[in-house]
Amino acid sequence: MIFITSIVFFNLGVKAQDTLTVMTYNLLNFNNYTSYCTQSNNNVNDKIGYLKTITAYVLPDIVGFNEIHASNATIQLILDSVLNSNGVKTYSRIQYINSSNSDIVSSIFYNNKKLKFYSTNYLQTDLRDVIILNLYYNGQELQTNHDTVFIRVMQAHLKAGSTSSDQDQRAQETNVIMNYLNSLGNSKNTILMGDFNVQSSTETSFQNLINYSNTNVRFYDPANKLGTWNNNSSFALYHTQAAQLNSNGCT
């Protein structure tokens, strides 16, 4: 499912304000073929068509995707065939990162008219990398006053599953994220998004994010809908899982 939020950029040196649209989506083995995800039930050309429809409607300024086949070529395919298509040429992407040697990876794309590249980084976990893209706002103040605002985007894909071991691994992964931010001293203008697979707000993995010991790096959940989310229709409007037709992990 898609998660969209609007962010207003401002600081003491920037007078103008702007709004960014941010989106994250689990693509479910995009161009990644397995014994259960085949070219028949996981056709990449079909998914390209679906994604073009979605992104053309949302027009995200920042979009993060999970479960992409682990290759630079597949990430470039999304850029060329989905985002920069139908006359649009305003998207750029992060470099290919896969230090964990996973079969599937995450990636981040951005509107290069509004945002400019600053740097990238990644956090290695036992399962998959958390990728980090640092951008700065390309506003008029950058030209006239040499002033801007920086934003840090982190795309994560935490361990799936309901067992205590799965929950423990998710907690370890969010600890890696929070310890990194703590080492920087703050989480100013940071967006953490992706597929967290968290089933309840009481899970340690989620509590690590919102109640970390250093209050300066705590995250604030924009939805602010705490509770037991898994299989709970009362949270349907706020669910951000991958939209699926089937339970096969492909479509």
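Here this note's numbering is used: the first residue of the sequence shown is 1, the next is one more, and so on. Glycine is no exception: its CB is placed at the ideal position from the N, C-alpha and C atoms. What you are looking at is a predicted structure, and each value in this text was computed from that prediction instead of being measured.
Through-space distance from residue j to residue i, alpha-carbon basis
i, j, result
"residue 222", "residue 239", "13 Å"
"residue 172", "residue 127", "11 Å"
"residue 327", "residue 204", "Outside the shown range of the chain (1 to 251) lies residue 327, about which nothing can therefore be said."
"residue 249", "residue 144", "50 Å"
"residue 163", "residue 108", "29 Å"
"residue 152", "residue 95", "15 Å"
"residue 42", "residue 182", "40 Å"
"residue 17", "residue 133", "22 Å"
"residue 115", "residue 213", "32 Å"
"residue 26", "residue 194", "7 Å"
"residue 154", "residue 21", "15 Å"
"residue 70", "residue 33", "11 Å"
"residue 77", "residue 52", "12 Å"
"residue 37", "residue 61", "30 Å"
"residue 103", "residue 23", "23 Å"
"residue 146", "residue 139", "10 Å"
"residue 7", "residue 148", "At residue 7 the pLDDT is 44, less than 50, meaning the model places this residue with poor confidence; the figure from the coordinates comes in the next sentence. Rounded to whole angstroms, residue 7 to residue 148 spans 15 Å at the Cα level."
"residue 159", "residue 168", "9 Å"
"residue 161", "residue 141", "46 Å"
"residue 88", "residue 58", "14 Å"
"residue 28", "residue 72", "17 Å"
"residue 232", "residue 81", "36 Å"
"residue 339", "residue 156", "This structure cannot speak to residue 339, because the chain is shown only from 1 to 251."
"residue 247", "residue 40", "15 Å"
"residue 19", "residue 84", "21 Å"
C-beta atoms of residue i and residue j nearer than 8 Å
i, j, result
"residue 176", "residue 105", "no"
"residue 55", "residue 63", "yes"
"residue 123", "residue 180", "yes"
"residue 137", "residue 112", "no"
"residue 209", "residue 192", "yes"
"residue 216", "residue 197", "no"
"residue 229", "residue 207", "no"
"residue 150", "residue 189", "yes"
"residue 218", "residue 224", "no"
Residue i (DSSP reduced to helix, strand or coil)
i, result
"residue 151", "strand"
"residue 128", "coil"
"residue 209", "helix"
"residue 88", "coil"
"residue 36", "coil"
"residue 109", "strand"
"residue 200", "strand"
"residue 235", "helix"
"residue 248", "coil"
"residue 53", "helix"
"residue 221", "coil"
"residue 195", "strand"
"residue 181", "helix"
"residue 215", "helix"
"residue 31", "coil"
"residue 188", "coil"
"residue 158", "coil"
"residue 226", "coil"
Beta bridge counterpart(s) of residue i as assigned by DSSP
i, result
"residue 122", "131"
"residue 100", "According to DSSP, residue 100 bridges with nothing at all."
"residue 170", "Partner(s): none; residue 170 has no beta bridge."
"residue 144", "BP columns for residue 144 are empty, so no partner."
"residue 63", "23 and 109"
"residue 68", "30 and 105"
Do the stretch 109–125 and the stretch 29–48 meet, that is, are 3 or more Cβ pairs less than 8 Å apart?
-> The stretch 109–125, when compared against the stretch 29–48, does not touch it at the 8 Å Cβ threshold.
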